[in-house]
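Residue numbers (my numbering): -19 to 364. Just so it is clear, CB atoms sit at the ideal spot from N, CA and C, and this is done for glycine as well.
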């Protein structure tokens, strides 16, 4: 399908809908003193909310015409209806733009040649997400309210930028946090900010500036797709919340796209989470993947991390691959995963892997309240 042409007039006036704020006890905004949140969920790991930390919903709609509100396209798995049927409660919805050098391999002409074009593509996806009527989670108060009120059929999203080229300069970051972006992965392949998959190299000077800006804006760092040198740079520089949305084990499937056990251990040491991808080539070197392969990567990550509380799901389903390269042929089969995990973990640990671990991480990592009009954010309790 020929990608739709996005004109600048369609990209103006992006605003995040108001997010309900949970009643806060002992909060003094002027002095930035925080004491307690009434109703804060202490046992996220035991809430029945399934979380997927990586879905390219906007990209698939804009570049390939696979509308989120329609049934899944033939050969694909993800739509609003299929996520709801799988009892998904929260997704990390990506803002992704393909560089021109990747267009042929990805079979798309919807690519960018420069940062401004990448910006327009990501902005179009923000607009698309709003057109889908999704609820957005952008702060700890809204997260707690959403989870406490969650019931089957409800679906919310948090915005994750995959590859930071849409941010034309680090000074522009505030505009993206105002639009709801709470997580940024600087790399995909090589970007202006970082070495990435198939493109060795560390953080660039712009990358160093971006991470400093992200810390000021209380944005979470996603290490997925970052080259080893860039991961090492990030570990040396970054003091904020850290995660890998969709990265499997290099010990099981070699390649720079996967994480080393040492990187997983460091993410865990910092309180982060690693999401396991469902892409066949990330799950096994050859052959059709199965849910058993997913379990193997979860178990391996849990051992490397020192516990399953640092592992979750980041399926990336439909993210450049179809159901033939996935371990399930229907998203509803995700319900089979907990029983397989119970062979290795107890029930609370399985519930954590299925979603509770991500929820607990977000409770620790998101800003306390919605972003301020200048793109800043009220900080979380611990910012050191």
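>> According to DSSP, is residue 174 part of a helix, a strand, or is it coil?
In response: The residue labelled residue 174 in the question sits at position 194 within the chain shown. Three-state DSSP puts residue 174 in a strand.
>> If distances are taken between C-alpha atoms only, which option among 57, 28 and 37 comes closest to residue 313?
In response: Position 333 of the chain shown, counting from 1, holds the residue named residue 313. Considering only alpha carbons, the answer is 57.
> Who pairs with residue 323 in a beta bridge, going by DSSP?
Replying inline: To locate residue 323, count along the chain shown from 1; it is residue 343. BP columns for residue 323 are empty, so no partner.
> Can you tell which of 301, 254, 176 and 163 has its C-alpha closest to the C-alpha of residue 334?
Replying inline: Position 354 of the chain shown holds residue 334. Taking only the C-alpha atoms, the option nearest residue 334 is 254.
> For residue 55, which residues from the same chain have a beta carbon less than 6 Å from its beta carbon, with the 5 sequence-adjacent residues on both sides left out?
Replying inline: Translated into the one-based positions of the chain shown, residue 55 becomes position 75. Same-chain partners within the cutoff: 302 and 303.
> What residue range is occupied by the uninterrupted alpha helix (DSSP H) comprising residue 188?
Replying inline: Looking up residue 188 in the chain shown gives position 208. That run of the alpha helix (DSSP H) goes 185 to 196.
> In or out: residue 149 buried (at least 16 other Cβ within 10 Å) or exposed?
Replying inline: For the purposes of this step, residue 149 is identified with residue 169 of the chain shown, where counting begins at 1. Exposed: under 16 other Cβ atoms inside 10 Å.
> If you draw a straight line from the alpha carbon of residue 74 to that of residue 324, how long is it in whole angstroms?
Replying inline: The sequence position of residue 74 within the chain shown is 94, counting from 1. The sequence position of residue 324 within the chain shown is 344, counting from 1. Distance between the alpha carbons of residue 74 and residue 324: 31 Å.
> Between residue 239 and residue 229, is the Cβ-Cβ spacing less than 8 Å?
Replying inline: The residue labelled residue 239 in the question sits at position 259 within the chain shown. The residue labelled residue 229 in the question sits at position 249 within the chain shown. Going by C-beta atoms, residue 239 is nearer than 8 Å to residue 229.
>> To the nearest angstrom, how far is the alpha carbon of residue 8 from that of residue 118?
In response: The residue labelled residue 8 in the question sits at position 28 within the chain shown. The residue labelled residue 118 in the question sits at position 138 within the chain shown. At residue 8 the pLDDT is 25, less than 50, meaning the model places this residue with poor confidence and gives no usable figure here.
>> Using the Cβ count rule (16 or more neighbours within 10 Å means buried), how would you classify residue 151?
In response: Here residue 151 refers to the residue found at position 171 of the chain shown. It is exposed - the Cβ of residue 151 has fewer than 16 other Cβ atoms within 10 Å.
>> Beta-carbon within less than 6 Å of residue 279's beta-carbon, same chain only, minus the 5 sequence neighbours each way: which residues are those?
In response: Within the chain shown, residue 279 is the residue found at index 299, counting from 1. Excluding residues within five positions, the ones whose Cβ falls inside 6 Å are 324.
>> Do residue 34 and residue 366 have their beta-carbon atoms positioned less than 8 Å apart in this structure?
In response: No statement about residue 366 is possible, as the shown extent of the chain runs from -19 to 364 and does not include it.
> What residue from 132, 260 and 261 has the CA that sits closest to residue 66's CA?
Replying inline: Residue numbering aside, residue 66 sits at position 86 when the chain shown is read from its first letter. For the residues 132, 260 and 261, the minimum Cα distance to residue 66 belongs to 132.
>> Less than 8 Å between the beta carbons of residue 266 and residue 210, yes or no?
In response: Numbered from 1 along the chain shown, position 286 holds the residue referred to as residue 266. Numbered from 1 along the chain shown, position 230 holds the residue referred to as residue 210. No, the pair does not count as a contact, with Cβ atoms beyond the cut-off.
>> Applying the 10 Å Cβ sphere with the 16-neighbour rule, what's the burial state of residue 242?
In response: As a working note, residue 242 is residue 262 in the chain shown. Exposed, since its Cβ has fewer than 16 Cβ neighbours within 10 Å.
> Smallest Cα separation from residue 147: which of 102, 276 and 195?
Replying inline: In the chain shown, residue 147 corresponds to position 167, counting from 1. The shortest C-alpha separation from residue 147 is found at 102.
> Which residues bound the alpha helix (DSSP H) around residue 60?
Replying inline: By 1-based counting over the chain shown, the position of residue 60 is 80. First-last of the alpha helix (DSSP H) with residue 60: 60 to 65.
> So which of 300, 116 and 307 has the shortest CA-CA distance to residue 69?
Replying inline: Position 89 of the chain shown holds residue 69. Cα-wise, what sits closest to residue 69 is 116.
> So, helix, strand or coil for residue 212, using DSSP?
Replying inline: Here residue 212 refers to the residue found at position 232 of the chain shown. Looking at residue 212 - three-state DSSP - the assignment turns out to be helix.
> To the nearest angstrom, how far is it from the Cα of residue 110 to the Cα of residue 286?
Replying inline: The residue given as residue 110 occupies position 130 in the chain shown. The residue given as residue 286 occupies position 306 in the chain shown. The straight-line gap from Cα to Cα measures roughly 39 Å.
> If you draw a straight line from the C-alpha of residue 332 to the C-alpha of residue 307, how long is it?
Replying inline: One-based indexing of the chain shown puts residue 332 at position 352. One-based indexing of the chain shown puts residue 307 at position 327. Whole-angstrom Cα-Cα distance: 21 Å.
> Can you tell which of 317, 246, 263 and 271 has the C-alpha that lies nearest to the C-alpha of residue 283?
Replying inline: Here the question's residue 283 lines up with position 303 in the chain shown. It is 246 whose Cα lies nearest to the Cα of residue 283.
> Cα separation between residue 272 and residue 168?
Replying inline: For this step, residue 272 is matched to residue 292 along the chain shown. For this step, residue 168 is matched to residue 188 along the chain shown. Cα to Cα, the separation comes out at about 27 Å.
> DSSP three-state call for residue 162: helix, strand or coil?
Replying inline: Along the chain shown, one-based indexing puts residue 162 at 182. Strand at residue 162.
> If you pair each beta-carbon of the stretch 86 to 105 with each one of the stretch 176 to 193, do three or more pairs fall below 8 Å?
Replying inline: no
>> Is the beta carbon of residue 337 closer than 8 Å to that of residue 275?
In response: Here residue 275 refers to the residue found at position 295 of the chain shown. Here residue 337 refers to the residue found at position 357 of the chain shown. No, these two residues do not count as a Cβ contact at 8 Å.
> Can you tell me whether DSSP reads residue 32 as helix, strand or coil?
Replying inline: Taking the first residue of the chain shown as 1, we reach residue 32 at position 52. Note: residue 32 maps to strand in three-state DSSP.
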